[in-house]
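Here the structure comes first, spelled out in structure tokens, and everything after it is commentary.
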Amino acid sequence: MKNLGIIGFLGLVLFCCLGSTTPPFNNDDVILVINKIEIKIKGKSTVGDYNCDNSLIKNDSIFLNLNKKNSISAQIPMAAFDCKNRIMTKDLQSTVKVKKYPNSFVTISEIKPCAKNYRCNLTFAITDKTLKYKDFILKTSDNKIQGSFNLNFSDIGLEPPVKMGGLIKVKDEIVIDFTLYKN
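So for the sequence shown, UniProt numbering puts the first residue at 1; every next one is plus one.
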């Protein structure tokens, strides 16, 4: 009987020291379910700002804190970008050589919680160029995760459009915003 008391006491001590068998994170922290991806290209020209966007329905799960799938990839059809202006849309498609390079690709991998946000590696392939960003920060809010980066047309071997004999010029720098919508 005395041995049983010692074993029970040791079991209680181990339970108190190690805690319960429940993992130290809840299910919401472990799995991100993505149902839509939105990509925006923003820039400036001598006649004003432009915004072109593309939305993709993408049902995918990302597993955090586990040795499972911890990445998300998407193929982005460049012809699906809409600049809300037929001429601007046509210019964008011409500039990114949509006939030669109909798709761009984005991969977000090694996603890890970082305070209230996430840290990841981002690979973005457009035309025949691949850009890699290590320790890229994704900001999270309510039902979305967002990231943004700047690049120049010249970084990807492209010339910004020029129209009307140089009267209208698109600036070299563009901003690429992307949003992952969570379920």
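Positions of the beta carbon are idealized from the N, C-alpha and C atoms, including for glycine.
Bear in mind that the values here come from a model prediction, so they are computed numbers and not experimental data.
The beta strand (DSSP E) that contains residue i, what's its start and end?
i, result
"Asp-82", "Here Asp-82 belongs to no beta strand (DSSP E), and DSSP marks it neither H nor E."
"Thr-123", "117-126"
"Thr-107", "103-114"
Could you check which residue in the options has the C-alpha nearest to that of residue i?
i, options, result
"Ser-104", "Leu-32, Ala-115, Val-33, Ile-41", "Ile-41"
"Ile-37", "Ser-61, Gly-48, Gly-43, Thr-46", "Ser-61"
"Leu-158", "Ser-55, Lys-129, Lys-112, Pro-113", "Lys-129"
"Met-78", "Lys-139, Ile-72, Asp-91, Ser-71", "Asp-91"
"Thr-127", "Thr-89, Gln-146, Phe-153, Asn-85", "Phe-153"
"Asn-143", "Leu-131, Asn-150, Lys-112, Leu-180", "Leu-180"
"Ile-72", "Ser-148, Lys-58, Ala-80", "Lys-58"
"Lys-132", "Asp-155, Pro-113, Thr-140", "Asp-155"
"Tyr-118", "Ile-87, Gln-146, Lys-97, Gln-93", "Gln-146"
Starting from residue i and walking both ways along the alpha helix (DSSP H), at which residues does that stretch end?
i, result
"Asp-142", "Here Asp-142 belongs to no alpha helix (DSSP H), and DSSP marks it neither H nor E."
Kindly indicate which three-state DSSP category residue i falls into: helix, strand or coil?
i, result
"Thr-179", "strand"
"Thr-130", "strand"
"Ile-168", "strand"
"Val-30", "helix"
"Pro-92", "For clarity, residue 92 is Leu in the given sequence; the question names Pro instead. Three-state DSSP puts Leu-92 in a helix."
For the putative contact between residue i and residue j, defined by C-beta atoms under 8 Å, what is the C-beta separation to the nearest angstrom?
i, j, result
"Phe-178", "Ile-39", "5 Å"
"Thr-161", "Thr-89", "The amino acid at residue 161 is misidentified as Thr; the sequence shows Pro. Not a contact, Cβ separation roughly 12 Å."
"Cys-83", "Asn-51", "7 Å"
Which same chain residues end up closer than 6 Å to residue i when comparing Cβ atoms and leaving out the 5 residues on each side of it in sequence?
i, result
"residue 196", "The first residue shown for the chain is 1 and the last is 183, placing residue 196 beyond what the model contains."
"Ala-115", "none"
"Asn-121", "Ser-109, Glu-110, Lys-134"
"Lys-112", "Arg-119"
"Ala-80", "Asn-54"
Please work out which residues of its chain come closer than 8 Å, Cβ to Cβ, to residue i, disregarding the five sequence neighbours upstream and downstream, and give them in chain order.
i, result
"Ile-174", "Ile-41, Lys-42, Gly-43, Asn-150, Leu-151, Asn-152, Phe-153"
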